[in-house]
Amino acid sequence: MSSPELISPRSPRVVAARRLAKRNFRGKDRLFIAEGPQAVREAVEHRGATGQPTLVELFTTVEAAERYASIIDAALASGARVHHASDAVLAEVSQTVTPQGIVGVCRFLDSPFEDILAARPKLVAVLAHVRDPGNAGTVLRCADAAGADAVVLTDASVDLYNPKSVRASVGSLFHLPVAVGVPVEQAVAGLKGVGVRILAADGAGQDDLDDELDAGTMGGPTAWVFGNEAWGLPEETRALADAVVRVPIHGKAESLNLATAAAVCLYASARAQRPRTTA
1 MSSPELISPR SPRVVAARRL AKRNFRGKDR LFIAEGPQAV REAVEHRGAT
51 GQPTLVELFT TVEAAERYAS IIDAALASGA RVHHASDAVL AEVSQTVTPQ
101 GIVGVCRFLD SPFEDILAAR PKLVAVLAHV RDPGNAGTVL RCADAAGADA
151 VVLTDASVDL YNPKSVRASV GSLFHLPVAV GVPVEQAVAG LKGVGVRILA
201 ADGAGQDDLD DELDAGTMGG PTAWVFGNEA WGLPEETRAL ADAVVRVPIH
251 GKAESLNLAT AAAVCLYASA RAQRPRTTA
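Below you can see the structure in the form of structure tokens.
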């Protein structure tokens, strides 16, 4: 194709996609934006619980369509509407300063919390009071990399479908079940009810992560509760946990940021849960 079909930023399709930048419209339409080839590729391959394709619509420049021809073909095969658009249209739909030429509109894909509990998870990340969308997406990515079974965003945390959260997850949003809007008390009670030990990650925690590992207490099903970037976890949330654990600082750093601490905690649990092999 030598020229774009969709050239007006005022097109109804463009306006409908652009409004998904706002949370209230995302919630009303139950749609969100996935931008860039990695995220769109994952969206094309993802199916909801009923088998329904997650990708609904795709905007791409002619150049990007040629570069990512396999993604375009897969999108068409899945039944998604594909629009070859001008650079001006992509700039209107995109949420980044430098658009990559390919933007997908996707159906919401969060899982019911009850389904997560029914699967008897062994490792869960609970984001309580996490307000920064980039951090939320990065923790989700860390949980995916560590082999977690699910992620839970409480009702006090940022919107899972915030464009920054989606980008920061780098496709991990499509890899594991995520429940949203769960009150932290309900999340903890539900997880405890299926035999999951609750560990609150806090820099002022009484228990040291190294000591927990040395004591051999982390091999069972575990949920890590992560708090706000600036002020951590409130006392009432810490009180819900079976233990409040700090990541030890062996050097002179004042602290670790949320995503780094989450990665350390999740990987510690993943290692403790992995069966040991003998030579």
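The numbers in UniProt numbering rise by one with no breaks, and the one at position 107 of the sequence shown is 107.
Even glycine gets a Cβ: it sits at the ideal position worked out from N, Cα and C.
**Request:** Sort out for me which residues DSSP pairs W224 with in a bridge.
**Result:** BP columns for W224 point to A125 and L199.
**Asked** When the Cα atoms are used, what is the spatial distance from V82 to S169?
**Response** Each residue's alpha carbon lies about 24 Å from the other.
**Message:** In the DSSP assignment, the alpha helix (DSSP H) including R141 goes from what residue to what residue?
**Reply:** P133 to A145
**Request:** Apply the 10 Å Cβ neighbour rule to M1 and answer buried if 16 or more other Cβ atoms are within range, or exposed otherwise.
**Result:** Annotation note: pLDDT 46 at M1 (below 50); position unreliable, no value reported.
**Prompt:** Among the residues of its own chain, which have a CB less than 6 Å from the CB of G104, if the five just before and after it don't count?
**Reply:** The beta carbon of G104 lies closer than 6 Å to those of A34, V40, A43, L55 and L58 in the same chain, with the five residues before and after it left out.
**Request:** Mind checking which residues open and close the alpha helix (DSSP H) that includes residue 282?
**Result:** As shown, the chain starts at 1 and ends at 279. That puts residue 282 outside it, with no answer to give.
**Message:** Out of H46, T96 and D87, which one is the CA nearest neighbour of E5?
**Reply:** D87
**Asked** Rounded to a whole number of angstroms, what is the C-alpha to C-alpha distance between T222 and E236?
**Response** Looking at the two C-alpha atoms, the distance is approximately 20 Å.
**Asked** So, helix, strand or coil for V170, using DSSP?
**Response** coil
**Asked** Taking the continuous beta strand (DSSP E) assigned at T180, which residues delimit it?
**Response** It is Val, not Thr, that sits at residue 180 in the sequence shown. First-last of the beta strand (DSSP E) with V180: V178 to V182.
**Prompt:** Among residues of its own chain, excluding the 5 on either side of A80, which ones have a beta-carbon nearer than 8 Å to its beta-carbon?
**Reply:** V44, P53, L55, V56, E57, L58 and G104
**Request:** Answer with buried or exposed for P12, where buried requires no fewer than 16 other C-beta atoms within 10 angstroms of its C-beta.
**Result:** exposed
**Message:** If we require 3 or more residues per run, which beta strand (DSSP E) segments fall completely within the stretch 2-46?
**Reply:** 31-35
**Prompt:** Given that a residue counts as buried once 16 or more other Cβ atoms are within 10 Å of its Cβ, and exposed if not, what is S94?
**Reply:** buried
**Prompt:** How long is the line joining the alpha carbons of I72 and A85, rounded to whole angstroms?
**Reply:** Rounded to whole angstroms, the separation of the alpha carbons of A85 and I72 is 13 Å.
**Prompt:** Does the Cβ of P37 lie closer than 7 Å to at least one heavy atom of the ligand NAD?
**Reply:** The model on display carries no ligand, and the ligand NAD is accordingly not part of it.
**Request:** Report the residue from A91, D202 and D214 whose alpha carbon sits nearest the alpha carbon of residue 280.
**Result:** With the chain covering only 1 through 279, there is no way to say anything about residue 280.
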